[in-house]
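J.: Residue numbers (the working numbering): 283 to 504. Here a beta-carbon is modelled for each residue, glycine too, at the ideal position from N, C-alpha and C. Note that the structure is predicted; figures quoted are calculated from it, not measured.
1) Contact defined as beta carbons within less than 8 angstroms: I believe residue 453 pairs with residue 498. What is the distance between those atoms, to the nearest angstrom?
2) For residue 460, which of 428, 485, 304 has the nearest alpha-carbon?
3) Pull up the distance between the alpha-carbon of residue 416 and that of residue 474, whole angstroms please.
4) With H, G and I counted as helix, E and B as strand and the rest as coil, what does DSSP make of residue 333?
5) First and last residue of the alpha helix (DSSP H) that includes residue 375?
6) Between residue 349 and residue 363, is the Cβ-Cβ spacing less than 8 angstroms?
7) CB-CB under 7 angstroms to residue 317, same chain, minus the five flanking residues each way: which ones, in chain order?
8) In the DSSP assignment, find the unbroken alpha helix (DSSP H) run with residue 458 in it and report its ends.
9) Please report the straight-line C-alpha distance between residue 400 and residue 411, rounded to a whole angstrom.
10) Quick check: residue 366 and residue 293, are their CB atoms within less than 8 angstroms of each other?
11) What would DSSP say about residue 286, mapped onto helix, strand or coil?
12) So, with DSSP's three-state summary, where would you put residue 311?
13) With distances taken from CA atoms, which of 381, 398, 396, 482 is nearest residue 330?
14) Helix, strand or coil: which one does DSSP assign to residue 481?
15) Leaving out five residues before and five after residue 308 in sequence, what residues of the same chain have Cβ atoms less than 7 angstroms from its Cβ?
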């Protein structure tokens with residue numbers, strides 16, 4: 283076996299392990315009706331943000347890839363697009379499973395204590411790590427195996443960095459705006475504690491945490 287094949291093969295193994303961890307988390311109980319309702323609202327808000335963000339980024343990726351194909355080479359353009367896709371998928375998958383793991387972690391803490399809750403939380407977070415490593419190794423390893431051009435590394439890195447820039451900055455702005463808004467409404471005007479369930483803005487705050495600290499950071503790490 284050629285040693286170059288081990289790189290994309292390692293990526294496939296990492297993604298398979300991420301799928302295994304996802305299924306493991308999904309098998310756990312999602313809690314009572316209130317937990318599921320709050321979890322669903324957070325998930326819907328986070329997915330709505332990513333859908334809007336990625337729909338705008340598609341046009342950016344297309345325009346930049348065309349420019350790279352004209353200025354540099356079609357190979358660089360292809361690697362740029364693949365890098366952007368891999369980075370976006372890593373953030374999307376990591377955030378998707380994280381929003382599924384939150385209510386399951388809470389329910390596990392109530393029923394089985396901190397040990398069981400920590401295992402679920404760690405498994406949910408590990409999906410993000412395995413996705414980042416898996417898509418990176420699979421995407422770049424496959425490109426280099428078929429196209430032995432050092433230039434593809436620059437294109438792939440540029441594509442991944444472009445998604446990371448928008449995901450990190452856009453997610454961070456949304457996170458801080460939701461955090462400040464929730465605190466102003468809750469603490470200053472209503473006089474209720476931080477992250478109180480009576481404050482509807484807390485949902486937006488939690489959506490921002492998922493978008494900025496999971497999807498944004500995941501794409502940034504990629």
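T.: The structure says:
1) Confirmed, about 3 angstroms.
2) Closest option to residue 460, Cα to Cα, is 485.
3) It is roughly 44 angstroms from the alpha-carbon of residue 416 to the alpha-carbon of residue 474.
4) Under the three-state reduction of DSSP output, residue 333 falls in the helix class.
5) Start and end: 356-394.
6) Against a cut-off of 8 angstroms, the Cβ pair of residue 363 and residue 349 comes out as no contact.
7) The answer, listed in chain order, is 385, 388, 389.
8) Run containing residue 458: 433-465, per the alpha helix (DSSP H) assignment.
9) Approximately 16 angstroms, taken between the alpha carbons.
10) For residue 366 and residue 293, no; Cβs fall outside 8 angstroms.
11) Residue state for residue 286 is assigned as helix, using DSSP reduced to three classes.
12) Residue state, collapsed to three classes: coil.
13) The candidate whose alpha carbon is nearest that of residue 330 is 381.
14) The three-state reading of DSSP puts residue 481 in coil, since its state is none of H, G, I, E or B.
15) 382, listed in sequence order.
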